[in-house]
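Numbering (this note's numbering), first residue to last: 211 to 678. Just so it is clear, CB atoms sit at the ideal spot from N, CA and C, and this is done for glycine as well. One structure is given here, and the rest of the page talks about it.
Now the structure itself:
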């Protein structure tokens, strides 16, 4: 099976079984681990790129094809999408090779009678790709942005309502950028030890970019499998975005603290919290054995001994934990809109209805978990989304209905992050789009929306509270 055929099967599986793309692509690459790095990189880029640009690709196909994308056979639809992506975004692949390989694949998979159709549409797009049609930006501004950035119109409208056009366009552009792998080093390592490991990675052809916010978080480019990097098997680092690490830092965990991580999988926050707690203890929980096992694997590999892992439904209050925790980490299930740049199919899965459902679940989990915080203790709420209902409105819920006090992030996070927070707030104010949740200045000071294009991190939200 060649690389293109493997990508075709990935796309077909995603369309048929509604699997999560990042897991499916990783699983497919693991099965062909014998391939050269160049071949695996081609497969990964083609699969991810086709998903990321799907709305744009469908628009062009509908413009040049006599059969609409929706009416195409699933295999032909997936084949056409991945072929158009190659024509437009993979300059190293000759257009003639794209067309020829598409026709061969169509024939091989039982659609030889459609070779002429496939070839004709692809060659028309190839011939016209220097001046492809686009919706009229003035007459159809939402449709134009949707095609240009391959984002559903309703999501663009949602963000424009919250942030205004300028910030939304910057966000859309950032979500389409290449996203390096974020590596978070163990706190047991010195700066010199981290640099030694980074140099070993560079010798493997990996480009290491220092993080802007935390010295122990770096970005790695040109690596398809972080598990193969030097130091991974020794637990020197784990894959974790800086936003997740910032949430732990904001909680201000001290030596000896008892920390409850309510929705802990895959365990990044628990591992970092455990190292910050030193002689303390972390109780890491999640809703299924599968998720608990992912936490155990990461904790074990990182060599951390002060973490207890349990299967527990965060929406159900545990009476035995009431008033016991110095810190509660509450990274609740969310719509995931902040990580669309890494998990490309989220934008096609989420709907206004699913947003309502996840908001209701979040409130149940927050209400159940807030009681675990002892007097004077900290609740750190976080999500990996960009959505006011899940973020700012939850801040109001926690302070006004549950009675916790907002805690300023000044002094709890690096100044570089706080300066970018202030910049984004000024831009929102200029656009007349300050938080629609009606937060007080104290509540605003307790929360941070990390926004791609403005911060060097995933789209992520965090807010800090104290139990009075």
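_Rounded separation between residue 345 and residue 353 - CA only_ = For the purposes of this step, residue 345 is taken as residue 135 along the chain shown, with counting starting at 1. For the purposes of this step, residue 353 is taken as residue 143 along the chain shown, with counting starting at 1. So the two alpha carbons sit approximately 7 Å from each other.
*Hey, residue 222 and residue 288: beta-carbon distance below 9 Å or not?*
The residue you call residue 222 lines up with position 12 of the chain shown. The residue you call residue 288 lines up with position 78 of the chain shown. Taking C-beta atoms as the reference points, residue 222 and residue 288 count as a pair closer than 9 Å.
*Is there contact between the stretch 577-591 and the stretch 524-531, where contact requires at least three CB pairs shorter than 8 Å?*
Touching, per the Cβ criterion.
*If you draw a straight line from the alpha carbon of residue 216 to that of residue 317, how long is it in whole angstroms?*
Reading the chain shown from its first residue, position 6 is the one you call residue 216. Reading the chain shown from its first residue, position 107 is the one you call residue 317. Roughly 16 Å between the two C-alpha positions.
*Does DSSP classify residue 272 as helix, strand or coil?*
Here the question's residue 272 lines up with position 62 in the chain shown. Reduced to three states, the DSSP call for residue 272 is helix.
*Rounded C-alpha distance that separates residue 493 from residue 583*: For the purposes of this step, residue 493 is identified with residue 283 of the chain shown, where counting begins at 1. For the purposes of this step, residue 583 is identified with residue 373 of the chain shown, where counting begins at 1. Going by the C-alpha atoms only, they are around 13 Å apart.
*Which listed residue (327, 231, 454) has its alpha carbon closest to that of residue 278*: The residue labelled residue 278 in the question sits at position 68 within the chain shown. Ranking the options by Cα distance to residue 278, first place goes to 327.
*Measure the CB-CB distance between residue 303 and residue 271 and report whether it falls below 9 Å.*
For the purposes of this step, residue 303 is taken as residue 93 along the chain shown, with counting starting at 1. For the purposes of this step, residue 271 is taken as residue 61 along the chain shown, with counting starting at 1. Result no, Cβ atoms of residue 303 and residue 271 do not sit closer than 9 Å.
_Measuring only the C-alpha atoms, how far is residue 399 from residue 485?_
Counted from its first residue, the chain shown places residue 399 at position 189. Counted from its first residue, the chain shown places residue 485 at position 275. Their backbone Cα atoms lie some 11 Å apart in a straight line.
_I need the straight-line Cα distance from residue 460 to residue 430, nearest angstrom please._
Translated into positions along the chain shown, residue 460 becomes position 250. Translated into positions along the chain shown, residue 430 becomes position 220. About 24 Å.
*Go through its chain and collect everything with a Cβ distance to residue 252's Cβ below 7 Å, but skip five positions before and after it.*
Stepping through the chain shown from its first residue, residue 252 is reached at position 42. Correct list, in chain order: 213.
*asked:* Please classify residue 369 as buried or exposed, where buried requires at least 16 neighbouring CB atoms within 10 angstroms.
replied: On the chain shown, position 159 is the one that residue 369 refers to. That one is buried.
*asked:* Give me, in chain order, the residues of the same chain whose beta-carbon lies closer than 6 Å to that of residue 384; leave out the 5 immediate sequence neighbours on both sides.
replied: To locate residue 384, count along the chain shown from 1; it is residue 174. In chain order, 662, 663 place their CB closer than 6 Å to the CB of residue 384, counting only its own chain and leaving out the 5 sequence neighbours on each side.
*Grouping DSSP H, G and I as helix and E and B as strand, with all else coil, what is residue 591?*
Residue mapping note: residue 591 aligns to position 381 of the chain shown, counting from 1. Assigned with DSSP and collapsed to three states, residue 591 falls in strand.
*CA-to-CA distance, residue 462 to residue 660, given in whole angstroms*: Reading the chain shown from its first residue, position 450 is the one you call residue 660. Reading the chain shown from its first residue, position 252 is the one you call residue 462. Approximately 19 Å between the Cα atoms of the pair.
*asked:* In whole angstroms, give me the CA-to-CA distance for residue 487 and residue 262.
replied: By one-based count along the chain shown, residue 487 stands at place 277. By one-based count along the chain shown, residue 262 stands at place 52. Computed Cα separation, rounded: 40 Å.
*Return the Cβ separation of residue 515 and residue 490 in integer angstroms, given the expectation that the two are a contact with Cβ distance under 8 Å.*
For the purposes of this step, residue 515 is taken as the residue at position 305 of the chain shown. For the purposes of this step, residue 490 is taken as the residue at position 280 of the chain shown. About 12 Å; that fails the 8 Å criterion.
*By DSSP, does residue 288 sit in helix, in strand, or in coil?*
For this step, residue 288 is matched to residue 78 along the chain shown. It is helical.
*Report the three-state DSSP secondary structure of residue 528 (helix, strand or coil).*
Here residue 528 refers to the residue found at position 318 of the chain shown. Secondary structure at residue 528: coil, using DSSP grouped into helix, strand and coil.
*Quick one: grab the DSSP three-state call for residue 675.*
In the chain shown, residue 675 corresponds to position 465, counting from 1. Residue state, collapsed to three classes: strand.
*asked:* Am I right that residue 359 and residue 386 are in contact with their C-beta atoms under 8 Å? What's the rounded C-beta distance?
replied: In the chain shown, the residue the question calls residue 359 occupies position 149. In the chain shown, the residue the question calls residue 386 occupies position 176. Their Cβ separation, rounded to whole angstroms, is 6 Å, which keeps residue 359 and residue 386 in contact under 8 Å.
_Those residues which DSSP pairs with residue 418 across a bridge_ = By 1-based counting over the chain shown, the position of residue 418 is 208. 430, per the DSSP bridge assignment.
*Starting from residue 494, follow the beta strand (DSSP E) in both directions and report where the run begins and ends.*
Counted from its first residue, the chain shown places residue 494 at position 284. Counting along the chain, the beta strand (DSSP E) containing residue 494 begins and ends at 491-496.
*asked:* Which residues does DSSP list as the beta-bridge partners of residue 399?
replied: Looking up residue 399 in the chain shown gives position 189. Answer by DSSP bridge pairing: none, since residue 399 is not bridged.
*Assign residue 502 to one of two classes, buried (16 or more other C-beta atoms within 10 Å of its C-beta) or exposed (fewer than that).*
Position 292 of the chain shown, counted from the first residue, corresponds to residue 502. Classification for residue 502: buried.
*With DSSP run on the structure shown, which of helix, strand or coil describes residue 481?*
Indexing the chain shown from 1 puts residue 481 at position 271. Here residue 481 sits in helix by DSSP.
*Range covered by the beta strand (DSSP E) that runs through residue 539*: Reading the chain shown from its first residue, position 329 is the one you call residue 539. For residue 539, the enclosing beta strand (DSSP E) begins and ends at 535-541.
*Grab me the residues of residue 596's own chain with a C-beta within less than 6 Å of its C-beta, minus the 5 sequence neighbours each way, in chain order.*
Here residue 596 corresponds to residue number 386 of the chain shown, with the count starting at 1. The beta carbon of residue 596 is closer than 6 Å to those of 547, 548, 669 in its chain, skipping five residues each way along the sequence.
*Go to residue 569, then tell me how far its alpha helix (DSSP H) extends in each direction, as first and last residue.*
As a first step, residue 569 must be located in the chain shown, where it is residue number 359. Start and end: 562-580.
*Is the stretch 625-632 touching the stretch 563-575, taking contact as three or more C-beta pairs under 8 Å?*
Cβ pair count under 8 Å is below three, so no.
*Local conformation of residue 305 per DSSP, three classes*: Residue mapping note: residue 305 aligns to position 95 of the chain shown, counting from 1. In the structure shown, residue 305 sits in a helix (DSSP, three-state: H, G or I).
*Bridge-paired residues (DSSP) for residue 519*: Here residue 519 is taken as the residue at index 309 of the chain shown, counted from 1. Under DSSP, residue 519 forms a beta bridge with 494.
*Hey, out of 615, 677, 666, whose CA is closest to residue 654's CA?*
Taking the chain shown and counting its residues from 1, one reaches residue 654 at position 444. Looking at 615, 677, 666, the one whose alpha-carbon comes closest to that of residue 654 is 615.
*DSSP state of residue 615, grouped into three classes?*
Along the chain shown, read from residue 1 onward, the residue named residue 615 stands at position 405. Look at residue 615 here: in three-state DSSP terms it is strand.
*What residue ranges within the stretch 341-417 form continuous alpha helix (DSSP H) runs of no fewer than 4 residues, ordered along the chain?*
Correct list: 351-359, 363-373, 375-385, 401-412.
*Going by CA-CA distance only, name the one from 657, 311, 637 that's closest to residue 372.*
On the chain shown, residue 372 is found 162 positions in, with the first residue counted as 1. The option with the nearest alpha carbon to residue 372 is 637.
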